[in-house]
Amino acid sequence: MNQLHITVNGETRLAPAGSTVAALLSSMGIDLARVAVERNEEVVPRGTWQTAALSDGDQVEIVSFVGGGSDSATADDPLIIAGRTFKSRLLVGTGKYTSIEVGKEAILRSGAEIVTVALRRVDMTPGKPNVLDTIDRKRHMILPNTAGCYTVEDALRTCRLARELGMADMVKLEVIGDPQTLFPDCEATVAAAAILVKEGFVVLPYCLDDPIVARKLEDVGCAAVMPLAAPIGSGLGIRNPYNLRIILERAKVPIIVDAGVGTASDAAVAMELGCHGVLMNTAIAEAKDPVLMAEAMRDGIIAGRKAFRAGRMPRRLHANASSPQSGLIE
126 MNQLHITVNG
136 ETRLAPAGST
146 VAALLSSMGI
156 DLARVAVERN
166 EEVVPRGTWQ
176 TAALSDGDQV
186 EIVSFVGGGS
196 DSATADDPLI
206 IAGRTFKSRL
216 LVGTGKYTSI
226 EVGKEAILRS
236 GAEIVTVALR
246 RVDMTPGKPN
256 VLDTIDRKRH
266 MILPNTAGCY
276 TVEDALRTCR
286 LARELGMADM
296 VKLEVIGDPQ
306 TLFPDCEATV
316 AAAAILVKEG
326 FVVLPYCLDD
336 PIVARKLEDV
346 GCAAVMPLAA
356 PIGSGLGIRN
366 PYNLRIILER
376 AKVPIIVDAG
386 VGTASDAAVA
396 MELGCHGVLM
406 NTAIAEAKDP
416 VLMAEAMRDG
426 IIAGRKAFRA
436 GRMPRRLHAN
446 ASSPQSGLIE
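Per this note's numbering, the sequence shown starts with residue 126, numbered consecutively.
Structure, rendered in C-alpha coordinates:
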(Lines of atoms letter the chains of each structure in order from A and count residues from 1; the text may use other names and numbers.)
(Lines give C-alpha, C1' and ligand atoms only; values in the text may rest on other atoms or scores of the structure.)
Protein backbone atom coordinates (compact mmCIF):
# COMPACT_ATOMS: atom_id res chain seq x y z
CA MET A 1 0.00 0.00 0.00
CA ASN A 2 1.58 3.23 -1.19
CA GLN A 3 -0.95 5.56 0.37
CA LEU A 4 -2.95 5.68 3.56
CA HIS A 5 -6.61 6.63 3.70
CA ILE A 6 -7.06 8.66 6.87
CA THR A 7 -9.63 11.13 8.20
CA VAL A 8 -8.36 14.53 9.36
CA ASN A 9 -10.81 16.80 11.18
CA GLY A 10 -13.71 14.94 9.61
CA GLU A 11 -12.36 15.04 6.04
CA THR A 12 -10.94 12.08 4.08
CA ARG A 13 -7.31 12.58 3.16
CA LEU A 14 -4.51 10.60 1.53
CA ALA A 15 -1.06 10.36 3.09
CA PRO A 16 2.07 8.51 1.93
CA ALA A 17 2.63 5.13 3.53
CA GLY A 18 4.87 5.42 6.56
CA SER A 19 3.78 8.98 7.31
CA THR A 20 4.17 10.22 10.86
CA VAL A 21 2.09 12.79 12.71
CA ALA A 22 4.89 15.36 12.25
CA ALA A 23 5.06 14.66 8.52
CA LEU A 24 1.30 15.05 8.17
CA LEU A 25 1.30 18.40 9.95
CA SER A 26 4.23 19.66 7.89
CA SER A 27 2.59 18.62 4.62
CA MET A 28 -0.48 20.65 5.62
CA GLY A 29 1.54 23.76 6.44
CA ILE A 30 0.41 23.78 10.06
CA ASP A 31 2.37 25.58 12.77
CA LEU A 32 3.34 22.72 15.06
CA ALA A 33 3.69 25.04 18.05
CA ARG A 34 0.00 25.99 18.06
CA VAL A 35 -1.82 22.69 17.74
CA ALA A 36 -2.52 19.47 19.60
CA VAL A 37 -3.21 16.13 17.94
CA GLU A 38 -5.56 13.30 18.79
CA ARG A 39 -5.49 9.96 16.95
CA ASN A 40 -8.43 7.60 17.32
CA GLU A 41 -9.60 9.63 20.34
CA GLU A 42 -6.25 9.34 22.12
CA VAL A 43 -3.97 12.35 22.59
CA VAL A 44 -0.65 11.96 20.74
CA PRO A 45 2.07 13.43 23.00
CA ARG A 46 3.98 16.20 21.27
CA GLY A 47 7.31 14.54 21.95
CA THR A 48 6.32 11.47 19.90
CA TRP A 49 5.12 13.22 16.74
CA GLN A 50 8.31 12.51 14.80
CA THR A 51 7.98 8.76 15.33
CA ALA A 52 4.21 8.28 15.70
CA ALA A 53 3.38 6.42 12.48
CA LEU A 54 -0.06 6.72 10.95
CA SER A 55 -2.06 3.67 9.88
CA ASP A 56 -4.71 3.20 7.24
CA GLY A 57 -8.12 4.24 8.58
CA ASP A 58 -6.79 6.46 11.38
CA GLN A 59 -9.09 9.20 12.64
CA VAL A 60 -6.98 12.28 13.32
CA GLU A 61 -8.11 15.47 15.06
CA ILE A 62 -5.94 18.58 14.90
CA VAL A 63 -7.09 21.32 17.25
CA SER A 64 -6.10 24.80 18.34
CA PHE A 65 -7.62 27.61 20.36
CA VAL A 66 -10.35 29.89 19.03
CA GLY A 67 -12.21 32.84 20.54
CA GLY A 68 -14.31 31.47 23.32
CA GLY A 69 -15.09 33.79 26.04
CA SER A 70 -5.15 47.76 34.49
CA ASP A 71 -5.10 46.91 38.05
CA SER A 72 -8.54 46.30 39.42
CA ALA A 73 -7.37 45.60 42.92
CA THR A 74 -4.92 47.18 45.30
CA ALA A 75 -1.77 45.31 46.22
CA ASP A 76 -3.34 44.15 49.47
CA ASP A 77 -6.56 42.90 47.84
CA PRO A 78 -5.65 40.45 45.06
CA LEU A 79 -7.73 37.68 43.54
CA ILE A 80 -6.15 34.37 44.56
CA ILE A 81 -7.00 31.15 42.72
CA ALA A 82 -5.23 27.94 43.73
CA GLY A 83 -2.38 29.94 45.23
CA ARG A 84 -1.88 32.13 42.15
CA THR A 85 -2.34 35.88 42.58
CA PHE A 86 -4.06 38.18 40.09
CA LYS A 87 -4.44 41.94 40.35
CA SER A 88 -7.46 42.08 38.05
CA ARG A 89 -10.79 40.58 39.03
CA LEU A 90 -12.10 40.77 35.47
CA LEU A 91 -11.77 37.68 33.25
CA VAL A 92 -12.59 38.03 29.56
CA GLY A 93 -13.26 35.83 26.56
CA THR A 94 -11.99 36.12 23.01
CA GLY A 95 -15.02 35.30 20.85
CA LYS A 96 -17.44 37.36 18.74
CA TYR A 97 -15.17 40.31 18.00
CA THR A 98 -15.49 41.83 14.54
CA SER A 99 -11.75 41.51 13.97
CA ILE A 100 -8.56 40.26 15.56
CA GLU A 101 -7.43 43.87 15.99
CA VAL A 102 -10.56 44.95 17.87
CA GLY A 103 -10.39 41.92 20.13
CA LYS A 104 -6.74 42.49 20.92
CA GLU A 105 -7.28 46.14 21.87
CA ALA A 106 -10.40 45.40 23.93
CA ILE A 107 -8.63 42.68 25.89
CA LEU A 108 -5.72 45.03 26.54
CA ARG A 109 -7.98 47.89 27.70
CA SER A 110 -9.98 45.58 29.98
CA GLY A 111 -6.95 45.08 32.18
CA ALA A 112 -7.82 41.40 32.48
CA GLU A 113 -5.03 38.97 33.28
CA ILE A 114 -7.00 35.78 32.59
CA VAL A 115 -8.30 35.28 29.06
CA THR A 116 -10.46 32.30 28.06
CA VAL A 117 -10.16 30.47 24.75
CA ALA A 118 -12.07 27.54 23.30
CA LEU A 119 -10.55 24.50 21.63
CA ARG A 120 -11.65 23.73 18.07
CA ARG A 121 -10.48 21.86 15.01
CA VAL A 122 -7.75 23.66 13.11
CA ASP A 123 -8.85 25.66 10.08
CA MET A 124 -6.53 24.23 7.47
CA THR A 125 -6.50 27.42 5.40
CA PRO A 126 -2.82 28.46 5.26
CA GLY A 127 -2.00 31.75 6.95
CA LYS A 128 -5.38 32.26 8.58
CA PRO A 129 -5.10 34.37 11.79
CA ASN A 130 -5.30 32.52 15.08
CA VAL A 131 -7.03 33.77 18.23
CA LEU A 132 -3.71 33.48 20.05
CA ASP A 133 -2.64 36.48 17.98
CA THR A 134 -4.99 38.60 20.14
CA ILE A 135 -3.31 37.58 23.40
CA ASP A 136 -0.09 38.95 24.81
CA ARG A 137 1.30 35.91 26.60
CA LYS A 138 3.49 38.13 28.77
CA ARG A 139 0.43 39.97 30.10
CA HIS A 140 -2.28 37.31 30.05
CA MET A 141 -2.77 33.79 31.29
CA ILE A 142 -4.71 31.66 28.84
CA LEU A 143 -7.62 29.77 30.39
CA PRO A 144 -8.77 26.95 28.07
CA ASN A 145 -12.48 26.23 28.27
CA THR A 146 -14.67 23.33 27.23
CA ALA A 147 -17.34 25.46 25.54
CA GLY A 148 -19.63 23.38 23.37
CA CYS A 149 -19.10 20.12 25.26
CA TYR A 150 -22.29 18.21 26.10
CA THR A 151 -20.80 15.10 27.74
CA VAL A 152 -18.28 14.30 30.43
CA GLU A 153 -16.15 12.47 27.86
CA ASP A 154 -15.99 15.44 25.48
CA ALA A 155 -15.04 17.81 28.30
CA LEU A 156 -12.26 15.48 29.46
CA ARG A 157 -10.89 15.11 25.92
CA THR A 158 -10.85 18.88 25.48
CA CYS A 159 -8.97 19.52 28.72
CA ARG A 160 -6.41 16.84 27.95
CA LEU A 161 -5.82 18.28 24.48
CA ALA A 162 -5.43 21.74 26.00
CA ARG A 163 -2.76 20.36 28.30
CA GLU A 164 -1.05 18.79 25.29
CA LEU A 165 -1.06 22.23 23.63
CA GLY A 166 1.22 23.37 26.41
CA MET A 167 -1.29 25.40 28.39
CA ALA A 168 -1.25 25.59 32.17
CA ASP A 169 -3.37 23.07 34.06
CA MET A 170 -6.02 25.67 34.97
CA VAL A 171 -9.17 25.08 32.91
CA LYS A 172 -12.69 26.46 32.74
CA LEU A 173 -15.08 23.51 32.73
CA GLU A 174 -18.41 23.66 30.90
CA VAL A 175 -20.68 20.66 30.31
CA ILE A 176 -23.78 22.01 28.61
CA GLY A 177 -27.12 20.35 29.22
CA ASP A 178 -29.44 22.22 26.85
CA PRO A 179 -28.65 23.78 23.44
CA GLN A 180 -31.25 26.55 23.71
CA THR A 181 -30.57 27.95 27.16
CA LEU A 182 -26.96 26.71 27.33
CA PHE A 183 -27.60 25.91 30.97
CA PRO A 184 -25.03 23.50 32.38
CA ASP A 185 -25.65 19.84 33.10
CA CYS A 186 -24.81 20.04 36.80
CA GLU A 187 -24.54 16.30 37.41
CA ALA A 188 -22.16 15.87 34.48
CA THR A 189 -20.18 18.94 35.51
CA VAL A 190 -19.57 17.57 39.00
CA ALA A 191 -18.55 14.19 37.56
CA ALA A 192 -16.13 15.74 35.06
CA ALA A 193 -14.70 18.07 37.70
CA ALA A 194 -13.95 15.17 40.04
CA ILE A 195 -12.00 13.34 37.33
CA LEU A 196 -10.07 16.41 36.22
CA VAL A 197 -9.08 17.31 39.78
CA LYS A 198 -7.69 13.79 40.24
CA GLU A 199 -5.69 14.26 37.03
CA GLY A 200 -4.06 17.38 38.43
CA PHE A 201 -6.12 20.06 36.72
CA VAL A 202 -7.06 23.30 38.45
CA VAL A 203 -10.78 23.35 37.68
CA LEU A 204 -13.02 26.42 37.43
CA PRO A 205 -16.51 25.09 36.63
CA TYR A 206 -19.43 26.99 35.09
CA CYS A 207 -22.65 26.11 36.93
CA LEU A 208 -26.15 27.24 37.79
CA ASP A 209 -26.60 29.72 40.65
CA ASP A 210 -27.48 26.77 42.86
CA PRO A 211 -25.89 26.69 46.35
CA ILE A 212 -26.05 22.88 46.48
CA VAL A 213 -24.26 22.44 43.16
CA ALA A 214 -21.68 25.04 44.19
CA ARG A 215 -20.99 23.11 47.39
CA LYS A 216 -20.63 19.80 45.52
CA LEU A 217 -18.14 21.34 43.10
CA GLU A 218 -16.14 22.74 45.97
CA ASP A 219 -16.24 19.38 47.74
CA VAL A 220 -14.69 17.55 44.76
CA GLY A 221 -11.78 19.98 44.79
CA CYS A 222 -12.58 22.79 42.34
CA ALA A 223 -10.33 25.82 42.82
CA ALA A 224 -13.19 28.26 42.21
CA VAL A 225 -16.88 28.06 41.33
CA MET A 226 -18.43 30.08 38.49
CA PRO A 227 -22.22 30.43 38.81
CA LEU A 228 -24.10 32.16 36.01
CA ALA A 229 -25.80 35.52 36.45
CA ALA A 230 -28.15 34.83 33.51
CA PRO A 231 -28.03 32.67 30.35
CA ILE A 232 -24.84 32.88 28.31
CA GLY A 233 -24.83 35.88 25.98
CA SER A 234 -28.20 37.17 27.22
CA GLY A 235 -26.99 40.41 28.82
CA LEU A 236 -29.83 40.20 31.36
CA GLY A 237 -27.60 40.93 34.35
CA ILE A 238 -27.83 39.29 37.75
CA ARG A 239 -31.27 37.70 37.96
CA ASN A 240 -30.96 36.07 41.38
CA PRO A 241 -28.67 37.96 43.74
CA TYR A 242 -30.10 36.08 46.72
CA ASN A 243 -28.80 32.71 45.53
CA LEU A 244 -25.40 34.28 44.91
CA ARG A 245 -25.40 35.63 48.45
CA ILE A 246 -26.11 32.15 49.84
CA ILE A 247 -23.31 30.68 47.71
CA LEU A 248 -20.92 33.38 48.92
CA GLU A 249 -21.84 32.83 52.58
CA ARG A 250 -20.89 29.18 52.38
CA ALA A 251 -18.00 29.13 49.92
CA LYS A 252 -14.38 28.58 50.91
CA VAL A 253 -13.13 29.14 47.36
CA PRO A 254 -13.48 32.18 45.07
CA ILE A 255 -16.89 32.72 43.46
CA ILE A 256 -16.64 34.18 39.96
CA VAL A 257 -19.83 35.24 38.16
CA ASP A 258 -19.84 33.74 34.69
CA ALA A 259 -22.34 34.56 31.92
CA GLY A 260 -25.21 37.01 31.58
CA VAL A 261 -23.52 40.32 32.38
CA GLY A 262 -24.67 43.07 30.01
CA THR A 263 -23.07 46.30 31.14
CA ALA A 264 -20.72 47.80 33.69
CA SER A 265 -23.39 48.23 36.37
CA ASP A 266 -24.02 44.45 36.29
CA ALA A 267 -20.34 43.85 36.94
CA ALA A 268 -20.36 46.38 39.77
CA VAL A 269 -23.40 44.72 41.39
CA ALA A 270 -21.67 41.33 41.30
CA MET A 271 -18.67 42.79 43.05
CA GLU A 272 -20.78 44.66 45.60
CA LEU A 273 -22.41 41.35 46.53
CA GLY A 274 -18.96 40.07 47.41
CA CYS A 275 -18.19 37.98 44.35
CA HIS A 276 -14.48 37.57 43.80
CA GLY A 277 -14.49 38.14 40.06
CA VAL A 278 -16.56 38.32 36.88
CA LEU A 279 -16.01 36.56 33.57
CA MET A 280 -17.57 38.04 30.43
CA ASN A 281 -17.28 38.02 26.65
CA THR A 282 -20.44 39.02 24.75
CA ALA A 283 -21.07 42.15 26.82
CA ILE A 284 -17.79 43.59 25.56
CA ALA A 285 -17.56 42.04 22.11
CA GLU A 286 -21.12 42.96 21.03
CA ALA A 287 -21.05 46.52 22.40
CA LYS A 288 -21.22 49.29 19.80
CA ASP A 289 -17.72 50.26 20.93
CA PRO A 290 -16.06 47.14 22.39
CA VAL A 291 -12.86 48.93 23.35
CA LEU A 292 -14.71 51.59 25.32
CA MET A 293 -16.96 48.97 26.92
CA ALA A 294 -13.88 47.00 27.97
CA GLU A 295 -12.68 50.07 29.85
CA ALA A 296 -16.14 50.52 31.41
CA MET A 297 -16.16 46.93 32.61
CA ARG A 298 -12.70 47.34 34.09
CA ASP A 299 -13.84 50.45 35.97
CA GLY A 300 -17.12 48.82 37.06
CA ILE A 301 -15.22 45.92 38.60
CA ILE A 302 -12.92 48.30 40.44
CA ALA A 303 -15.77 50.46 41.75
CA GLY A 304 -17.86 47.49 42.85
CA ARG A 305 -14.99 45.90 44.73
CA LYS A 306 -14.18 49.16 46.50
CA ALA A 307 -17.82 49.57 47.50
CA PHE A 308 -17.91 46.03 48.89
CA ARG A 309 -14.76 46.63 50.93
CA ALA A 310 -16.05 50.00 52.15
CA GLY A 311 -19.38 48.55 53.33
CA ARG A 312 -22.56 50.26 52.24
CA MET A 313 -24.82 52.28 54.51
CA PRO A 314 -27.86 50.48 55.96
CA ARG A 315 -31.14 50.65 54.06
CA ARG A 316 -33.88 52.57 55.87
CA LEU A 317 -37.59 52.80 55.27
CA HIS A 318 -37.78 56.49 56.21
CA ALA A 319 -35.67 59.59 55.68
CA ASN A 320 -32.71 60.30 57.88
CA ALA A 321 -31.49 63.90 57.63
CA SER A 322 -27.81 64.35 56.86
CA SER A 323 -27.66 67.91 58.26
CA PRO A 324 -27.69 68.46 62.05
CA GLN A 325 -30.97 69.59 63.61
CA SER A 326 -29.38 71.74 66.31
CA GLY A 327 -28.74 75.41 65.57
CA LEU A 328 -31.56 75.82 63.08
CA ILE A 329 -32.55 79.43 62.38
CA GLU A 330 -35.95 79.98 63.99
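Heads up, the beta-carbon is just placed ideally off N, CA and C, and yes, glycines get one too.
Since this is a predicted model, take the numbers as computed values, not measurements.
7 Å Cβ cutoff met for residue i and residue j
| i | j | result |
| --- | --- | --- |
| Gly362 | Gly387 | yes |
| Ala318 | Leu286 | no |
| Ala348 | Ile225 | no |
| Leu244 | Val188 | yes |
| Pro269 | Val296 | yes |
| Val300 | Ala272 | no |
| Met396 | Gly429 | yes |
| Leu149 | Ala142 | no |
| Gly419 | Arg234 | The sequence given here places Ala at residue 419; Gly does not occur at that position. Yes, they are a contact pair. |
| Ile320 | Val350 | no |
| Gly385 | Leu417 | no |
| Thr306 | Pro366 | no |
| Pro309 | Cys332 | yes |
| Leu204 | Leu404 | no |
| Val227 | Pro415 | yes |
| Gly236 | Asn406 | no |
For residue i, the nearest candidate out of the options (CA to CA)
| i | options | result |
| --- | --- | --- |
| Glu278 | Ala393, Gln305, Ala316 and Gly220 | Ala316 |
| Lys377 | Val227, Lys341, Cys284 and Thr314 | Lys341 |
| Ala410 | Gln184, Arg159, Leu204 and Gly218 | Gly218 |
| Phe433 | Ala446, Thr241, Arg440 and Gly399 | Gly399 |
| Ala177 | Asp202, Ala147 and Val160 | Ala147 |
| Ile372 | Val403, Ala384 and Glu343 | Glu343 |
| Asp183 | Ile155, Thr145 and Asn445 | Thr145 |
| Phe326 | Gly346, Cys311 and Leu307 | Gly346 |
| Ser151 | Gln175, Asp294 and Arg209 | Gln175 |
| Glu289 | Gly208, Thr173 and His130 | Thr173 |
| Ile337 | Arg437, Leu369 and Pro356 | Leu369 |
| Gly402 | Ile155, Lys413, Asp383 and Pro415 | Asp383 |
| Val160 | Ala231, Gly291, Asp202 and Ala412 | Gly291 |
| Asp201 | Pro304, Asn406, Leu216 and Lys431 | Lys431 |
| Lys229 | Gln128, Arg437, Leu204 and Arg264 | Arg264 |
| Gly302 | Arg282, Ala313 and Ser180 | Ala313 |
| Thr283 | Ala158, Glu186 and Arg375 | Glu186 |
| Cys311 | Asp335, Ile427, Tyr222 and Ala231 | Asp335 |
| Arg138 | Ile267, Arg364, Arg375 and Asp181 | Asp181 |
| Arg375 | Arg364, Ala408 and Ala339 | Ala339 |
| Ala412 | Leu157, Arg364, Tyr222 and Leu329 | Tyr222 |
| His130 | Leu179, Ala444 and Val162 | Leu179 |
| Leu329 | Ala293, Pro304 and Gly154 | Ala293 |
Residues bridged to residue i (per DSSP)
| i | result |
| --- | --- |
| Arg164 | Glu167 and Val185 |
| Ala140 | Leu129 |
| Gly402 | Ile381 |
| Val240 | Val217 and Ile267 |
| Val350 | Ile380 |
| Ala178 | Thr145 |
| Ile301 | Pro309 |
Where the alpha helix (DSSP H) through residue i begins and ends
| i | result |
| --- | --- |
| Cys284 | Val277 to Glu289 |
| Leu268 | Here Leu268 belongs to no alpha helix (DSSP H); instead the beta strand (DSSP E) covers Met266 to Asn270. |
| Leu157 | From DSSP, Leu157 is part of no alpha helix (DSSP H); its letter is neither H nor E. |
| Leu373 | Pro366 to Arg375 |
| Met418 | Pro415 to Ala435 |
| Val227 | Ile225 to Ser235 |
| Val394 | Ala389 to Glu397 |
| Cys311 | Cys311 to Lys323 |
| Ile337 | Pro336 to Asp344 |
| Ile409 | Thr407 to Ala410 |
Terminal residues of the beta strand (DSSP E) in which residue i lies
| i | result |
| --- | --- |
| Lys297 | Met295 to Leu298 |
| Arg209 | Arg209 to Phe211 |
| Val327 | Val327 to Cys332 |
| Leu216 | Leu215 to Val217 |
| Leu204 | Leu204 to Ile206 |
The segment 167-174 in contact with the segment 126-140 per 3-pair CB rule at 8 Å | No, the segment 167-174 is not in contact with the segment 126-140.
Kindly confirm or deny that the segment 416-431 and the segment 385-399 touch, where touching means at least three C-beta pairs closer than 8 Å.
-> Taking 8 Å as the limit for Cβ pairs, the verdict is that the segment 385-399 does touch the segment 416-431.
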